[in-house]
Structure formats: structure tokens, C-alpha cells
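In terms of the UniProt record's numbering, the sequence shown opens at residue 1 and continues consecutively. Down below is the structure, laid out as C-alpha cells.
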Amino acid sequence: MSAASVSPHGFTVVRRGYRPDAADARVGDLSRERDAAWERASRLTVLAQELETEAERLREAVATLEQPTYETLSARARQVLSLSEEEAAEVRSTALADAQGAREGAQNAGWRLGEETREAAEATRAAADARAEETLLAANTEAGELLAAAGAEAQGTRSKALDDWQETRQRAEALLAELEAQQAERWESEGRELAARAADHDARLTELIDRAEAVLDQAKRGLAETEESARHGQEDAEAQAAEILAQAGLEEERTVRETERVLREHEESRDEIHGHMAHIRNSLAALTGRPAAED
Numbered sequence: 001m002s003a004a005s006v007s008p009h010g011f012t013v014v015r016r017g018y019r020p021d022a023a024d025a026r027v028g029d030l031s032r033e034r035d036a037a038w039e040r041a042s043r044l045t046v047l048a049q050e051l052e053t054e055a056e057r058l059r060e061a062v063a064t065l066e067q068p069t070y071e072t073l074s075a076r077a078r079q080v081l082s083l084s085e086e087e088a089a090e091v092r093s094t095a096l097a098d099a100q101g102a103r104e105g106a107q108n109a110g111w112r113l114g115e116e117t118r119e120a121a122e123a124t125r126a127a128a129d130a131r132a133e134e135t136l137l138a139a140n141t142e143a144g145e146l147l148a149a150a151g152a153e154a155q156g157t158r159s160k161a162l163d164d165w166q167e168t169r170q171r172a173e174a175l176l177a178e179l180e181a182q183q184a185e186r187w188e189s190e191g192r193e194l195a196a197r198a199a200d201h202d203a204r205l206t207e208l209i210d211r212a213e214a215v216l217d218q219a220k221r222g223l224a225e226t227e228e229s230a231r232h233g234q235e236d237a238e239a240q241a242a243e244i245l246a247q248a249g250l251e252e253e254r255t256v257r258e259t260e261r262v263l264r265e266h267e268e269s270r271d272e273i274h275g276h277m278a279h280i281r282n283s284l285a286a287l288t289g290r291p292a293a294e295d
């Protein structure tokens with residue numbers, strides 16, 4: 001807040017409840033009257049002091065003189081001297097009275113000026129206080145109205161924001177429920193499909209394993225028959241054994257290729273199938289005398 005302005009006569013100007021020009025003009029007039037009275041009193045005081053000094057000098061001078069005698073003077077001269085002395089005493093008394101009157105007038109003027117200044121200051125202060133009180137009351141009233149309006153607006157904004165949040169939350173929950181339902185349905189569908197594919201793969205793997213074991217059994221039987229026939233005819237037995245082994249080798253290769261294709265589709269059963277295939281290969285290798293193929 002900036003400092004309050006000050007009038008030419010030292011009054012602090014706050015809220016104006018009076019006419020500053022009129023008050024300042026009146027105070028200026030009183031100030032000029034006071035200054036004139038003080039100046040006149042000063043001049044008269046100086047004059048009285050000068051007259052007093054002169055009178056004292058004359059009294060000292062007269063004291064050094066012999067007591068005058070007016071016996072030699074004529075009656076006319078003594079009368080003139082007496083009148084002169086009376087006039088001098090009257091002038092001195094008048095000068096002292098004027099000086100005292102001027103001093104009292106200056107004091108009265110100063111007192112009157114101070115009193116009027118005090119009254120004007122009190123009136124100004126009272127008007128300023130009243131104006132400030134009115135302004136403060138109006139400001140409080142306006143602030144209360146603004147506060148009430150702001151509170152109502154804030155309440156409305158809060159209610160609207162809460163409603164918007166509730167609506168947004170409900171929409172989000174509905175969307176989430178819909179997404180969860182779609183995801184559950186998709187998972188269920190994909191689960192059924194995967195289960196069906198797994199069952200189909202399991203069936204095909206079982207079929208391949210059964211076929212491989214059947215080939216192994218057939219090879220074993222063929223080998224046994226070959227060994228049995230060997231006792232009857234070495235050449236026929238070797239030819240028949242070679243044919244059986246060739247057929248077993250072809251069946252092995254076909255079974256391996258089919259099994260590997262199924263394994264690529266159904267990776268989870270790879271270790272178990274590899275175990276079965278290793279067993280079958282090792283068994284065929286034992287029958288044929290060839291080393292088992294690497295995985």
C-alpha cells in the first residue's frame with residue numbers, strides 16, 4: 001500500500017469526508033493572522049525593550065547629576081518641564097501597554113489558531129472515520145456476497161465434477177465388464193480349440209506309436225521267422241530277412257517324419273515322444289545291426 005498523501009499544512013489525507021480546499025484555505029488564513037500577530041508582537045516587544053533600555057540609560061544619567069532645582073526657572077518653564085515629564089511617562093506606559101496587548105493578542109491568536117486547527121482535525125478525523133466505517137461495512141458486505149457466490153459456484157462445480165466422475169466410473173466399469181466377458185469368451189473358445197487340437201494330436205501320436213510298436217513287433221517276428229527258416233534254407237532266409245528289414249527301415253523313416261511333423265505341432269509332448277521314438281529306433285537298430293539315427 002502506498003503512503004497516504006499529506007496536505008500543505010501537515011494533515012494526512014485519507015478518505016475525504018470534507019472539502020480539502022476549504023479547510024486548507026481556512027487554515028492558511030488563520031496561519032497568516034497568527035504570523036502577523038507574532039510579527040507585530042515581536043516589533044512592539046523590541047520597541048518596548050529599546051524604550052526600557054533608553055529609560056534605564058536616562059535614569060542612570062540623571063542619577064549622576066545633581067538634584068536639579070527649578071527655583072531659578074520661571075513658572076512657565078517649570079510648567080513645560082512638568083508637562084514633558086508627564087508626556088514621557090505616558091508614552092512609556094502606552095508603549096508597555098501596547099507591547100503587552102500585542103503579546104496577549106499573539107498568544108490569543110495562536111491559541112485560537114490551535115483550537116480551530118484541532119477542531120478541524122477532529123472533524124476531518126471523524127469524517128474520515130465515518131467514511132472508513134462505511135467503506136469497511138460495504139467491503140465486508142460485498143466480500144460476504146462474493147464469498148457466498150463463490151461457495152455456491154464451488155458447490156455446483158463440485159457436484160458436477162462428482163456427477164461426471166460417477167458417470168465416468170460407471171462407464172469404465174461397464175466397459176471393463178464387457179472386455180472381461182469378451183476376453184473370457186475368447187479364452188474359453190481358444191481353450192476349447194486348443195483342447196480339441198491337443199486331443200487330436202494325442203490321438204495321432206498314439207496311433208503313430210502303436211504303428212511303430214507294431215512295426216517293431218513285426219520286425220521281431222520276421223527276424224524270428226528268418227532265424228527259424230535259416231535252418232531250412234540259408235539263402236531264402238537272408239533274402240526274406242533283407243526284405244523285412246528294408247520294409248521296417250522304410251516304415252521307420254515314414255514314422256519318424258510323421259512323428260516329427262506332429263511334434264512340431266504339439267511341442268509339449270516332444271520329450272515323451274522322443275523317448276518312444278528313441279526306444280523304437282534303438283530296437284530297430286538292434287534288429288538291423290545299423291546304428292540308431294541321431295535326433
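Every residue gets a Cβ at the ideal spot worked out from N, C-alpha and C, and that includes glycine.
The beta-carbon distance between Glu253 and Leu208, rounded to whole angstroms, is 13 Å. This is too long to meet the 8 Å contact definition. Closest in alpha carbon position to Ala246, among Leu216, Arg261, Glu115, is Leu216. Contact between Asp129 and Leu44 is ruled out by a C-beta separation of about 43 Å, above the 8 Å threshold.
Measuring C-alpha to C-alpha distances from Leu205 to each of Ala150, Ala143, Asn140, Thr255 identifies Thr255 as the nearest. In this structure, the CA atom of Ala161 is about 20 Å from the CA atom of Ala148. Distance check between Asn108 and each of Glu243, Glu251, Arg34, Asp29 places Arg34 closest, using alpha-carbon atoms only. No Cβ-Cβ contact shorter than 8 Å links Ala48 with Leu83.
Of all alpha-carbon atoms in Ala199, Arg112, Arg158, the one lying nearest the alpha-carbon of Leu30 is that of Arg112. Pairing Glu178 with Leu250, the inter-Cα distance amounts to about 56 Å. C-alpha of Ile244 to C-alpha of Gln218: approximately 9 Å in a straight line.
Ala25 has its alpha-carbon roughly 42 Å from the corresponding atom of Leu146. CA-CA distance, Glu193 to Ala181, rounds to 18 Å. Taken in chain order, the complete beta strand (DSSP E) segments of 3 or more residues contained in the segment 133–219 number zero; there are none. Of the residues assessed, Ala37 falls on the buried side of the cut-off, its CB having 16 or more other CB atoms within 10 angstroms. Within the model, the alpha-carbon separation for Ala196 versus Ala203 is close to 10 Å. Excluding the 5 residues flanking it on each side, Glu173 has no same chain C-beta neighbour closer than 6 Å.
Each residue's CA atom was taken as its position, placing Ala214 and Asp200 some 21 Å apart. Taken atom to atom, the span from the alpha-carbon of Arg261 to that of Arg211 is near 16 Å.
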